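Those sequence lines, one after another, are chains V and H.
Numbering-wise (this note's numbering), the first sequence opens with residue 1 and increments by one.
Numbering-wise (this note's numbering), the second sequence opens with residue 1001 and increments by one.
We put the CB at the ideal spot given by N, CA and C, even for glycine.
The structure presented is a predicted model; accordingly, all values stated were derived computationally and were not measured.
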Amino acid sequence: MGPESLAQVLRPLRNIFKQKDFPDLLVGLDVADDAVVYRVSDDLAIIHTVDFFTPVVDDPYTYGAIAAANAMSDVYAMGGEVKMALNICAFPPKLPLATISEILRGGAEKVAEAGGVLAGGHTIDDNEPKYGLAVIGEVHPGRFLTKAAAQPGDALLLTKPLGTGIITTAFKGDMADPSHLEAAIKSMTTLNRDAARLLRQVEVHACTDVTGFSLLGHGCEIAEKSNVRLRLRIDALPFIDGAEKYAREWLFPAGSCKNEACYKAHVRFDPEIAEETRMLLFTPETSGGLLFTVGSRDLQRLLSLFTQHQTPCRVIGEVLEGEGIDVVK
Amino acid sequence: MGKQVDARGLSCPQPVILAKKAIDEGNFPVEVTVDTVTSRENVRRMAENGGCRVRVEEAADEFKLIITR
């Protein structure tokens, strides 16, 4: 579902639940974010989120691991730690049990790696397989991260390279080089946990993760909710090998067009940037990295921490006054 | 001569892949029929980016892209 349609169907729900009636709901109704945050006590809030999707790769174990890493990423984008998860499954009745076992094992081992527990789930019959998790995480009620706190002068950083969406789409069309797919899988199965832990060492302002609405879509959300402008430097953006090649071949999924239609009014490109590069930045990502902003005071220390822990992280632009996104050379 | 490609009912990138194969074969004009705006835009932009000219005919719920070089 495209972002515009989603906003349209969610709007009427605002009349049913009013934020003022739920003072312990710290994030959820008035300003949507990656996950909801609910205060349980003065020093504990729970983060709750759900995500599932159809297979992005052929191998069932890998599919399960990617879906789980993607679902848990919302907890990390809010600055928390994963505590518990439930499977959400839809499988064709004729799908071999061994295949289903592998999907579930991929997901469960990813939850274990995150330090959480997979405690149950629910399954229905469906023609097309679907798998994901409902996840509960925890965070201090005064220390969660949102999209709404970027400040002019901040640096804008990204912790994973881009290109998972176009590479898996090219793979579905039998057009992808196996080495490119392998690099995309490695990225998609990497938890954002290490990155989220390093973010807690400094004062991060705004944070989200890059998934279905693309780098520019999720960037627009930060810009809009924080009331700032983002400037992205195209030469600073990291891409998985193959992503730019498949963009030149125009192997974009339908989601690229939907995102472009929704967000292009807020994005200004340098005229020298090629059309396929623009489209690539509108292309959905799966289990992408954390996109966040940090003040200049903390920037060097944070980059040193990422280097020390051998976790990738790159400055891709900066936060300015204004609105929308400028993409510059 | 020319080449007809029926990409109705297919989702991206399949229409683009089929159209690109036909363009690479070189039997112009290549006529590609699609049934979504997304497919129309993706095929059109792929072809134009590859140096082709594209004319779009719209009929009912379908689009026919006539691609020439």
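Between V1037 (chain H) and A1022 (chain H), the C-beta spacing is not below 8 Å.
Going by beta carbons, G289 (chain V) and K160 (chain V) fall inside the 8 Å limit.
The Cβ neighbour count for T293 (chain V), taken over all protein chains shown within 10 Å, is at least 16; the residue is labelled buried.
Nearest to G115 (chain V) by C-alpha distance, out of V:M72, V:D241 and V:E323, is V:M72. Scanning the region 149-206 of chain V from its first residue to its last, the whole alpha helix (DSSP H) runs of 4-plus residues come out as 164-172, 178-189 and 193-199. A distance below 7 Å between beta-carbons, with the five flanking residues on each side excluded, links A108 (chain V) to the following residues of its chain, in chain order: L118.
Contact of K1003 (chain H) with chain V is not assigned, every C-beta pair being separated by 8 Å or more.
An exposed status is given to N15 (chain V), since fewer than 16 other beta-carbon atoms sit within 10 Å of its beta-carbon. Contact annotation: in the region 1016-1042 of chain H, residues whose CB is within less than 9 Å of a CB in chain V are V1016, I1017, K1020, T1036, V1037, T1038, S1039, E1041 and N1042. Against chain V, a Cβ distance below 7 Å from R1045 (chain H) picks out W250 and E275. For E272 (chain V), there is no enclosing beta strand (DSSP E), as DSSP marks it with neither H nor E.
Listed as beta-bridge partners of E81 (chain V) by DSSP are V:E138. Around M1 (chain V), no beta-carbon contact reaches into chain H at under 8 Å, the shortest distance being about 14 Å. Proximity of C1012 (chain H) to chain V, defined by a Cβ-Cβ separation below 8 Å, is satisfied. For A223 (chain V), there are no C-beta contacts with chain H under 7 Å, since the nearest C-beta of that chain is about 25 Å from it.
Partner residues in the beta bridge of Y38 (chain V), as assigned by DSSP, are V:L25 and V:I46. Take V56 (chain V), set aside five residues on each side of it, and the residues of its chain with a beta-carbon closer than 7 Å to its own are Y63, I66, T168 and T286, in chain order. Around the C-beta of F17 (chain V), fewer than 16 other C-beta atoms lie within 10 Å, and the residue is accordingly described as exposed. Annotation: the continuous alpha helix (DSSP H) that includes K258 (chain V) extends over A254 to Y263.
Counting along the chain, the unbroken beta strand (DSSP E) around T123 (chain V) starts and ends at V117 to D125. Among the CB atoms of chain H, none fall inside 8 Å of the CB of C262 (chain V). Of the candidates V:F282, V:H266 and V:A196, V:H266 places its Cα closest to the Cα of E224 (chain V).
Secondary structure at I240 (chain V): coil, using DSSP grouped into helix, strand and coil.
Within the DSSP secondary-structure output, V327 (chain V) pairs in a beta bridge with V:L232 and V:F269. Straight through space, the alpha carbons of A243 (chain V) and V82 (chain V) are spaced by roughly 31 Å. Identification of chain H residues near A114 (chain V) by a Cβ-Cβ cut-off of 9 Å yields none; the smallest Cβ-Cβ distance measures about 32 Å. When rounded, the separation of the alpha-carbon atoms in R1008 (chain H) and F1063 (chain H) is 9 Å. Separation of the CB atoms of A206 (chain V) and I222 (chain V) is rounded to 5 Å, and the pair is thereby assigned contact status at 8 Å. It is roughly 28 Å from the alpha-carbon of T311 (chain V) to the alpha-carbon of L86 (chain V). When DSSP reads this structure, A1059 (chain H) sits in a beta bridge with H:E1062. Between the region 191-199 of chain V and the region 263-282 of chain V, the count of C-beta pairs closer than 8 Å stays below three; the two stretches do not touch.
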